[in-house]
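Okay, so here's the structure we're looking at.
Protein chains: 2
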Amino acid sequence: MGEETMNEVFEAVCDMADDAAYAQQTLAGASTERKNAVLLDVADALVGNAEAIGEANASDMRDAAASGMSEGLLDRLRFDAGRVAATAQGVRNVASLPDPVGEMVRGRNLPNGMRLNQVRVPIGVIGMIYEARPNVTVDVASLCLKSGNAVLLRGGHAARRTNEATLRVIGEVLADHGFGPSLVASVDRFGRDGALAMMEARGHVDLLVPRGGAGLIRAVVENSKVPVIETGAGNVHIYVDETADLDKALPVIINAKTQRVGVCNAAEKLLVNGAVAEDFLPVVANALTEHGVRIHADEAALTIIANAGIDGLDILPATEEDWSTEYLDYEMGIKVVDTMGEAIEHINTYSTGHTEAILSEDYSRIEEFTRRIDSAVVMVNASTRFTDGGMFGLGAELGISTQKMHARGPMGLEELTTTKWIGYGTGQVRP
Amino acid sequence: MGEETMNEVFEAVCDMADDAAYAQQTLAGASTERKNAVLLDVADALVGNAEAIGEANASDMRDAAASGMSEGLLDRLRFDAGRVAATAQGVRNVASLPDPVGEMVRGRNLPNGMRLNQVRVPIGVIGMIYEARPNVTVDVASLCLKSGNAVLLRGGHAARRTNEATLRVIGEVLADHGFGPSLVASVDRFGRDGALAMMEARGHVDLLVPRGGAGLIRAVVENSKVPVIETGAGNVHIYVDETADLDKALPVIINAKTQRVGVCNAAEKLLVNGAVAEDFLPVVANALTEHGVRIHADEAALTIIANAGIDGLDILPATEEDWSTEYLDYEMGIKVVDTMGEAIEHINTYSTGHTEAILSEDYSRIEEFTRRIDSAVVMVNASTRFTDGGMFGLGAELGISTQKMHARGPMGLEELTTTKWIGYGTGQVRP
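These protein sequences, in sequence, are chains A and B.
Counted the way full-length UniProt numbering counts, the first sequence spans residues 1 to 431.
Counted the way full-length UniProt numbering counts, the second sequence spans residues 1 to 431.
Rendered as structure tokens:
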């Protein structure tokens, strides 16, 4: 362990991917019934082994706390019996969802008598790189199994023992059902080199999904030779139009900013139309202050808010850097815009393409906003916190794609498939 | 021209992409009616200017011939009045196809009263890199315009004057309809650096599609920082099962191999089940020889064919390299396999994932083959030459994707879109 050269790690990871691909051939042809039976047994086995998993997690938590991990990250790392049970319930949800494999996407008869079907098929071997979130191990394994894919996991050093204990449970259930345990395998024993090897393993790993901090995702996107789906970065905007119902707007903004600050669908920026800025900004700044949110305001917003005499106000002038920053904290950038067009241009310039919202009661302006905003999700008069596979009814999610290729927005089962065309003929040749 | 540093070219290409993106915003919101009107006028204008385009092409052809271009490539480069008219008819076909933009992919009501729509939207700015095929300029422009995308073209030095003349015609029609000519623009004036700049222009170009030789495609796939769709390489296999109707099989094989040899959906390899090899190989070898096809045979096939006493037979022992070679010529690799499983493993090892075919009358074996083969298209008792956007009823095609992400197989209008989720609420917040 740790003794291998990078080249040896690369060979080992390619071998693991090839073993996974071999096992995946059996899974690809398995009936929905059989896959669901595996998932339900995984859920039961997780609950049955919650104590052992919890003990492994307690060791990980102790080391992480000793090494100075922040409270927020420690909370993500926690995988106690209660969380194991909740995650197991997620596996049962995935079992209850429709199986995307074999679904006919398009079907037609050609003039020459051939019958042409386009059907959904698994992608093959998925690589997943994430950090210190043991529940992701289970979510990803269940989504991949249901969609007929094998998966290689790099779950990070901090959660190593928790992930090991979890994968042992999943592997035993797979074996009981006659599937190879290489279907869901970890490259964590290779440390960071395991992640680097997956990024090089073009032709062995079919798709790589990084999930975590912006730095991790950027590194994978820029360096991977395997196709990548970019996920998660969320510099999320809310635009308050002059036609907004301001009483409705306030709770949506407060929910989007403060209901949970460390997540990608939390709002980071507020753009307010100048026509309502004098009325609305003091109200919203007061509410944000009550929730402990520091404000980064542009000049126009700063003047209005500073004059409002809000107790305990924490405000700074916004810098150019603020407009592209995802705070993931109790901080919000606020800007006054003269027109909706200015808001749209600002968003399309600085957004990471995750989620934006408009608060407005005007039909035509809503239509224009939803059409012109170039992001995965546009919310109308609703909190940006709804961008979530569970909320969208997709079951658990693998991540939220902020790119345009293959998948955009929350990635559920369907996004873990590709298609295959099958042409059924009786000897047709091309004239 | 040619005086710019690579950095200047990169800046210029990014500016062009940004101009294209700006013009694309108008196109994205244009009605189907308005886009079709543009396409029909483009078709008329191409026919009306066929002479000027043909003259430009004649100059390109003269230079290409003088520089020793092969007959096959010269034929691809030819864009005379007849071909211009045929290509213009393709533009009319695209106009007649359904508009994918705005199509609702999924729609549901959430338990909290929100209405959730997933709709198709254009991708944005497409970059296209191709070689010496002027008709591709028109095909790609028409597909991109109909699907609401802007496009930057690198059409290669050999076709430069032809492409210039064609793009002038398209640009004039765009201007007549109030669209910016930057919607369909060429980076050819920067030579090869134009292609390199597009590959670096992440955040400016949304998708890059290389179409051409294997070397070109590999270079783009390996070096591009912009998302790429891999197209075209076709090491295409036909498997003749012991259950095949051999009378039906022969014309399918001959059509797949010889109807047009220089294209990606032409068959390159023939795998014959050992149970019918003694009967069938002499027949097929005789027919291939009559069509001037050189055979690369494995040991078992070589013995059978050599003993058959075929006049004019051109046969060589197959090397390991043969199994992964796309000949694009009157050559075919032939191998005897003991079982269908061996054929499937051989194909999944050596194929480029384009198209494979099975010739069989046995239901269960066909089911197994179509399920286990990991390629974009599987043909049953039909020629591999049918893998084609036109044949599939998709209209013109941008290329044939051999990758699994985003698009697989012939890429038509739908494959040139991504999706956007829109959530319509009335003040909902996340509990």
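Here a beta-carbon is modelled for each residue, glycine too, at the ideal position from N, C-alpha and C.
Item, Value
"Output yes if chain A places a C-beta closer than 8 Å to the C-beta of residue 432/B; else output no.", "Chain B is shown from 1 up to 431; residue 432/B falls before or after that span and cannot be answered."
"For a quick check, are the C-beta atoms of residue 185/B and residue 6/B less than 8 Å apart?", "no"
"Roughly how many whole angstroms lie between the Cα atoms of residue 206/A and residue 126/A?", "6 Å"
"What residue range is occupied by the uninterrupted alpha helix (DSSP H) comprising residue 134/B?", "134 to 146"
"Taking just the CA atoms, how far does residue 258/A sit from residue 303/A?", "24 Å"
"Just to confirm before moving on: does the CB-CB distance between residue 376/B and residue 353/B stay below 8 Å?", "yes"
"Which word fits residue 411/A, buried or exposed, when buried means at least 16 other C-beta atoms lie within 10 angstroms of its C-beta?", "buried"
"Taking one C-beta from the region 21 to 38 of chain B and one from the region 71 to 88 of chain B each time, how about it: are there three or more such pairs within less than 8 Å?", "no"
"Comparing C-alpha positions only, which one of 163/A, 175/A and 203/A sits nearest to residue 188/A?", "163/A"
"Would you list, in chain order, the members of the region 23 to 49 of chain A that have their beta-carbon closer than 9 Å to a beta-carbon of chain B?", "25, 28 and 29"
"Below 7 Å between beta carbons is the criterion; list the residues of the region 200 to 221 of chain B that meet it against any residue of chain A, in chain order.", "206 and 207"
"Looking at C-beta atoms only, is the number of pairs between the region 364 to 373 of chain A and the region 292 to 307 of chain A that lie closer than 8 Å three or more?", "no"
"Mind listing, in chain order, the continuous beta strand (DSSP E) runs of no fewer than 3 residues lying wholly within the region 209 to 249 of chain B?", "236 to 240"
"Could you tell me if residue 104/B is buried or exposed, where buried requires 16 or more neighbouring beta carbons within 10 angstroms of its beta carbon?", "exposed"
"With a cut-off of 8 Å, does the C-beta of residue 424/B fall near any C-beta of chain A?", "yes"
"Using a beta-carbon distance below 8 Å, is residue 296/A in contact with chain B?", "no"
"Where does the unbroken alpha helix (DSSP H) through residue 65/B begin, and where does it stop?", "50 to 66"
"I want to see whether chain B comes within less than 8 Å of residue 2/A, judged by CB atoms only; does it?", "Reliability fails at residue 2/A, whose pLDDT of 49 lies under 50, so the model's placement of it is uncertain and the value that follows must be treated cautiously. No, no contact with chain B."
"Kindly indicate which residue of 406/B, 225/B and 177/B has the alpha-carbon position closest to the one of residue 203/B.", "225/B"
"Within 10 Å of its beta-carbon, does residue 428/B have 16 or more other beta-carbons around it, so buried, or fewer, so exposed?", "buried"
"Any beta carbon of chain A sitting closer than 8 Å to that of residue 406/B?", "yes"
"Can you give the Cα-Cα distance for residue 87/A and residue 44/A, rounded to whole angstroms?", "11 Å"
"Residue 150/B versus chain A: which residues are under 7 Å apart at the beta carbon?", "The premise fails here: residue 150/B is roughly 13 Å from chain A at the closest Cβ pair, so nothing lies under 7 Å."
"Rounded to the nearest angstrom, how far is the Cβ of residue 387/B from that of residue 400/B, given a contact under 8 Å?", "6 Å"
"Nearest-angstrom Cα distance between residue 326/A and residue 276/A?", "26 Å"
"Under the rule that 16 or more other beta-carbon atoms within 10 Å means buried, what is residue 89/A, buried or exposed?", "exposed"
"Against chain A, which members of the region 119 to 142 of chain B pass a CB distance test of less than 8 Å?", "123 and 124"
"Could you tell me whether the Cβ atoms of residue 249/A and residue 261/A are closer together than 8 Å?", "no"
"Let me check understanding here. Comparing Cα to Cα, which of 19/A, 173/A and 349/A lies closest to residue 324/A?", "349/A"
"Provide the residue span of the alpha helix (DSSP H) that contains residue 440/B, from first to last.", "There is simply no residue 440/B to check, as chain B begins at 1 and stops at 431 in what is shown."
"Report the residues of the region 159 to 176 of chain B with a CB closer than 9 Å to any CB of chain A, ordered along the chain.", "none"
"Could you spell out where the beta strand (DSSP E) holding residue 157/A opens and where it closes?", "That residue, residue 157/A, is in no beta strand (DSSP E); it is neither H nor E in DSSP."
"Terminal residues of the continuous alpha helix (DSSP H) containing residue 201/A?", "No alpha helix (DSSP H) contains residue 201/A, which DSSP labels as neither H nor E."
"So is residue 41/B buried or exposed if we call it buried at 16+ other beta carbons inside 10 Å?", "buried"
"Take residue 179/A as the anchor and find which of 124/A, 92/A and 34/A has the nearest alpha-carbon.", "34/A"
"Between which two residues does the alpha helix (DSSP H) carrying residue 183/B extend?", "No alpha helix (DSSP H) contains residue 183/B, which DSSP labels as neither H nor E."
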